[in-house]
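Undergrad:
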Amino acid sequence: MNQDEFYLTLLSNSSMNYFPDNKTTKFSTQLPKRIRLTGQWVVGIAEIQYPCSILSVSDTDNLIYYRVQYHDEYCKEDYIEKMLKNAGNCFKENETCMVYNDKRAWYVFRISAGDYENILSIIQVINQHEVIKKLLNFEYNKTTKRVSLNMKDEVAFLGLSQRLCIQLRYEPRINMAKYPRPLHPANIWIGLPSQMFVYVDIVEPQFVGDVLSQLLRIINITSDTYNYSSHKCVIFSHTHYVPVMRKEFEIWKWI
Numbered sequence: 304m305n306q307d308e309f310y311l312t313l314l315s316n317s318s319m320n321y322f323p324d325n326k327t328t329k330f331s332t333q334l335p336k337r338i339r340l341t342g343q344w345v346v347g348i349a350e351i352q353y354p355c356s357i358l359s360v361s362d363t364d365n366l367i368y369y370r371v372q373y374h375d376e377y378c379k380e381d382y383i384e385k386m387l388k389n390a391g392n393c394f395k396e397n398e399t400c401m402v403y404n405d406k407r408a409w410y411v412f413r414i415s416a417g418d419y420e421n422i423l424s425i426i427q428v429i430n431q432h433e434v435i436k437k438l439l440n441f442e443y444n445k446t447t448k449r450v451s452l453n454m455k456d457e458v459a460f461l462g463l464s465q466r467l468c469i470q471l472r473y474e475p476r477i478n479m480a481k482y483p484r485p486l487h488p489a490n491i492w493i494g495l496p497s498q499m500f501v502y503v504d505i506v507e508p509q510f511v512g513d514v515l516s517q518l519l520r521i522i523n524i525t526s527d528t529y530n531y532s533s534h535k536c537v538i539f540s541h542t543h544y545v546p547v548m549r550k551e552f553e554i555w556k557w558i
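Under the working numbering, the very last position in the sequence shown is 558; numbers go up by exactly one each time.
1. Please state if the CB of Leu495 and the CB of Ile351 are separated by a distance shorter than 8 Å.
2. For my contact list, Leu467 and Asn365 are in at a C-beta cut-off of 8 Å; report their separation, rounded to the angstrom.
3. Pick out the complete alpha helix (DSSP H) segments inside the segment 360–444, 4 residues or longer, and give them in chain order.
4. Using a Cβ-Cβ cutoff of less than 8 Å, which residues in the same chain neighbour Lys550 once the five nearest sequence positions on both sides are dropped?
5. Can you give me the start and stop residues for the beta strand (DSSP E) that Arg449 sits inside?
6. Out of Gln333, Pro485, Ile348, state which residue places its alpha-carbon closest to the alpha-carbon of Ile538.
7. Pairing CB atoms from the segment 422–435 with CB atoms from the segment 382–396, are three or more of them under 8 Å?
8. Is the beta carbon of Leu387 closer than 8 Å to that of Tyr369?
9. Rank Lys448, Tyr502, Arg413, Ala408 by C-alpha distance to the C-alpha of Asn397 and give the top, closest one.
10. Taking only the alpha-carbon atoms, compute the straight-line gap between Asp456 and Val450 and give it to the nearest angstrom.
11. Write down the C-beta distance between Thr327 and Ile554 rounded to the nearest angstrom, noting that I regard them as a contact closer than 8 Å.
12. From the DSSP output, in three-state form, read off Arg466 for me.
13. Under 8 Å between the Cβ atoms of Lys329 and Trp557?
14. Kindly list the residues whose CB is nearer than 7 Å to the CB of Asp362, restricted to its own chain and excluding five residues on each side of it in sequence; keep chain order.
15. Using the three-state DSSP reduction, which class does Ser516 fall into: helix, strand or coil?
16. Ser331 by DSSP, collapsed to three states: which one?
17. Between the C-alpha atoms of Asp381 and Asp513, what's the straight-line distance to the nearest angstrom?
18. Pick helix, strand or coil for Leu461, following the three-state DSSP scheme.
19. Going along the chain, which residues of its own chain have a beta-carbon closer than 6 Å to the beta-carbon of Leu423, five neighbours each way excluded?
20. Straight-line CA distance for Phe460 to Thr542?
21. Here's a check: name, in chain order, each residue in its chain whose Cβ is nearer than 6 Å to the Cβ of Cys378, leaving out the five neighbours to either side.
22. Between Val371 and Gln470, what straight-line distance do the alpha-carbon atoms span, to the nearest angstrom?
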């Protein structure tokens, strides 16, 4: 190719006949013709559009689990992780199931995944659960934005999915029955990724921390303008260029 520069517009759903497994976060594009480059070339992103598809509470971070009888051997981290994995599989196999009962007296519930507007709306759903409301109650102070927890003495161990814990500002994997009041204000968007790393297979590997990786650009994601189901368009006023490694290609892969 003799020209000094050119643009490619690459869509995640434009080559589904060639790559049926394409998805927004990782896809390949079959170009209409083979590109051959001569000399030294660099590439950069001028514009990117992406859907806001991350729920404030996802179907992998919506679990509430507790024990009534306390036995140390059944409260170890490895056992809890195994129990939660079994519960997650149970919920996936039966979408109408809302409760999982472990034979060692662990009970796991899930709240509906969705685009919750704020922390208070999450707490209200938890408090309205037909079983949970008999055992405990979350409260939210709108002034301090802090969550607190009141529960019956019979609850010996209580935990939440990791992201849900972080949103309410509890430490992940702790027994919330012993630490009912977190130290920091709750934040519904604290689990939202703050950055998007864009990788492509034609560029030379770059230093990224302690590894070499084919990173093209890091894109900032801000929660204040993040609206679920909308599309974001980012136009870069200054394009960051990376040296091209492959001088001939007909398939473009975002990896």
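No residue lacks a Cβ here, since even glycine has one placed at the ideal position from N, Cα and C.
TA: Concretely, from the data shown:
1. For this step, residue 351 is matched to residue 48 along the sequence shown. For this step, residue 495 is matched to residue 192 along the sequence shown. Against a cut-off of 8 Å, the Cβ pair of Leu495 and Ile351 comes out as no contact.
2. Here residue 467 corresponds to residue number 164 of the sequence shown, with the count starting at 1. Here residue 365 corresponds to residue number 62 of the sequence shown, with the count starting at 1. So it is a contact: roughly 7 Å between Cβ atoms.
3. Correct list: 380–396, 422–430.
4. Locating residue 550 in the sequence shown gives position 247, where the first residue counts as 1. Counting only residues of its own chain and dropping the five nearest sequence neighbours on each side, Lys550 has a CB closer than 8 Å to the CB of Arg339, Leu340, Thr341, Trp344.
5. As a first step, residue 449 must be located in the sequence shown, where it is residue number 146. Where Arg449 is concerned, the enclosing beta strand (DSSP E) stretches over 449–454.
6. Residue 538 sits at position 235 when you count from the first residue of the sequence shown. Ranked by Cα distance from Ile538, the first of Gln333, Pro485, Ile348 is Ile348.
7. They do not touch, by the three-pair rule.
8. Numbered from its first residue, the sequence shown carries residue 369 at position 66. Numbered from its first residue, the sequence shown carries residue 387 at position 84. Going by C-beta atoms, Tyr369 is not nearer than 8 Å to Leu387.
9. Reading the sequence shown from its first residue, position 94 is the one you call residue 397. Cα-wise, what sits closest to Asn397 is Arg413.
10. Numbered from its first residue, the sequence shown carries residue 456 at position 153. Numbered from its first residue, the sequence shown carries residue 450 at position 147. If I take the Cα positions, the gap works out to 19 Å.
11. Numbered from 1 along the sequence shown, position 24 holds the residue referred to as residue 327. Numbered from 1 along the sequence shown, position 251 holds the residue referred to as residue 554. The Cβ separation is near 18 Å, so there is no contact.
12. As a first step, residue 466 must be located in the sequence shown, where it is residue number 163. Residue state for Arg466 is assigned as helix, using DSSP reduced to three classes.
13. For the purposes of this step, residue 329 is identified with residue 26 of the sequence shown, where counting begins at 1. For the purposes of this step, residue 557 is identified with residue 254 of the sequence shown, where counting begins at 1. With respect to the 8 Å criterion, Lys329 and Trp557 are classified as neighbours on the basis of their beta carbons.
14. The residue you call residue 362 lines up with position 59 of the sequence shown. Apart from the 5 residues on each side of it in sequence, Asp362 sits with its Cβ closer than 7 Å to the Cβ of Ala416 in its chain, given in chain order.
15. Numbered from its first residue, the sequence shown carries residue 516 at position 213. Strand.
16. By one-based count along the sequence shown, residue 331 stands at place 28. The answer is strand: DSSP assigns Ser331 an E or B state.
17. Along the sequence shown, read from residue 1 onward, the residue named residue 381 stands at position 78. Along the sequence shown, read from residue 1 onward, the residue named residue 513 stands at position 210. Cα atoms of Asp381 and Asp513: separation of roughly 29 Å, rounded to the nearest angstrom.
18. Working through the sequence shown from its first residue, we reach residue 461 at position 158. Correct three-state label for Leu461: strand.
19. In the sequence shown, residue 423 corresponds to position 120, counting from 1. Excluding sequence neighbours, Leu423 sits near Tyr443.
20. What you label residue 460 is simply residue 157 of the sequence shown in a count that begins at 1. What you label residue 542 is simply residue 239 of the sequence shown in a count that begins at 1. Phe460 and Thr542: Cα-Cα distance of roughly 52 Å.
21. Taking the sequence shown and counting its residues from 1, the one referred to as residue 378 is at position 75. Once the five neighbours on either side are set aside, the close Cβ partners of Cys378 are Phe460.
22. In the sequence shown, residue 371 corresponds to position 68, counting from 1. In the sequence shown, residue 470 corresponds to position 167, counting from 1. The straight-line gap separating the alpha-carbon atoms of Val371 and Gln470 is approximately 25 Å.
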